[in-house]
Amino acid sequence: MARTKVRPKIDPGSQGPGTDVPLRRYGGGDSGGAMPDPASSARLGMYIFLAAILMMFGAIGAIFLYRLPVRNDFPFTVPPVSWVSTAVILISSIFCQHALNSARQNRLNGVRVGLTLTLALGVLFLSLQGVSWVALAQQIQQTGNNIFTGLFYVFTALHGAHLLGGLVFLSYLLFMALRRTVPDALKVEMGTLYWHFMGVLWTALFALMLVR
Numbered sequence: 052m053a054r055t056k057v058r059p060k061i062d063p064g065s066q067g068p069g070t071d072v073p074l075r076r077y078g079g080g081d082s083g084g085a086m087p088d089p090a091s092s093a094r095l096g097m098y099i100f101l102a103a104i105l106m107m108f109g110a111i112g113a114i115f116l117y118r119l120p121v122r123n124d125f126p127f128t129v130p131p132v133s134w135v136s137t138a139v140i141l142i143s144s145i146f147c148q149h150a151l152n153s154a155r156q157n158r159l160n161g162v163r164v165g166l167t168l169t170l171a172l173g174v175l176f177l178s179l180q181g182v183s184w185v186a187l188a189q190q191i192q193q194t195g196n197n198i199f200t201g202l203f204y205v206f207t208a209l210h211g212a213h214l215l216g217g218l219v220f221l222s223y224l225l226f227m228a229l230r231r232t233v234p235d236a237l238k239v240e241m242g243t244l245y246w247h248f249m250g251v252l253w254t255a256l257f258a259l260m261l262v263r
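Residue numbering for the sequence shown follows the numbering used here, beginning at 52 and increasing consecutively.
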């Protein structure tokens with residue numbers, strides 16, 4: 052008769068308390084099998100996203116600089132309210148950074164205050180931008196259509212849309228904070244990084260408008 056092979060039973064308790072159990076390790080994805088750090092992956096994704104935005108706005112800025120010698124393309128003066136709006140968005144970054152520092156230190160009130168002031172100044176910035184937009188649009192329409200007309204509308208519309216997206220995300224973080232829960236510091240960091248970038252982007256546009 053043919054012998055039947057019987058597989059030995061494995062006792063689940065055979066592994067003693069001293070047996071090593073492999074743990075998940077976060078790292079740079081080296082040969083040791085370490086998993087990528089979620090925080091590093093999130094930051095890398097944000098950097099790539101911001102780089103794509105920078106390339107898009109950089110192309111518009113390059114066209115602006117290329118046409119700079121043609122003075123007739125830029126028949127406008129910068130409204131004084133643009134100076135105020137620039138100061139507003141730069142100050143808002145200070146409060147946004149305060150919210151991030153508070154989240155890292157698990158201080159709920161600091162997160163609430165920082166995000167509330169950031170959102171308030173962000174809404175004020177958009178309102179001032181609307182006033183500035185109307186003033187510049189009136190100046191441009193008096194001279195007819197030109198290349199700057201298109202650049203102005205495209206740049207301001209894109210910047211406003213991206214800024215509005217930042218306000219929505221910061222509102223979500225504030226909603227979490229108002230529910231007596233400190234938002235995840237990484238999420239606040241991503242929102243702060245994006246908000247700082249929007250402030251720098253507007254400052255660069257404002258500088259281009261002055262150097263005409």
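Glycine is no exception: its CB is placed at the ideal position from the N, C-alpha and C atoms.
message = So the candidates are Leu116, Leu177, Leu224; which of them puts its Cα closest to the Cα of valine 164?
response = Leu224
task = Would you mind stating whether proline 131 and serine 183 have Cβ atoms separated by less than 7 angstroms?
result = no
request  = Please report how far the alpha carbon of threonine 98 lies from the alpha carbon of threonine 243, in whole angstroms.
outcome  = The identity of residue 98 in the sequence shown is tyrosine, whereas the question assumes threonine. Cα-Cα distance, rounded: 13 angstroms.
query = Around the C-beta of alanine 154, are 16 or more other C-beta atoms found within 10 angstroms, so that it is buried, or is it exposed?
reply = buried
ask   = Looking only at C-alpha atoms, which of Gly109, Ser133, Ile111, Phe257 sits nearest to glutamine 180?
value = Ser133
key: Residues near cysteine 147 by beta carbon distance below 8 angstroms, same chain, minus five either side   = Gly165, Leu166, Thr169, Leu221, Gly242, Thr243, Trp246, His247
ask   = Does DSSP put valine 182 in a helix, a strand or coil?
value = helix
inquiry  = Check this for me: beta carbons of leucine 237 and alanine 90, under 7 angstroms apart or not?
reply    = yes
query = Between which two residues does the alpha helix (DSSP H) containing arginine 155 stretch?
reply = 132-155
request  = Reducing DSSP to helix, strand and coil, say where valine 233 ends up.
outcome  = coil
query = What's the gap between the Cα of serine 144 and the Cα of tyrosine 117?
reply = 31 angstroms
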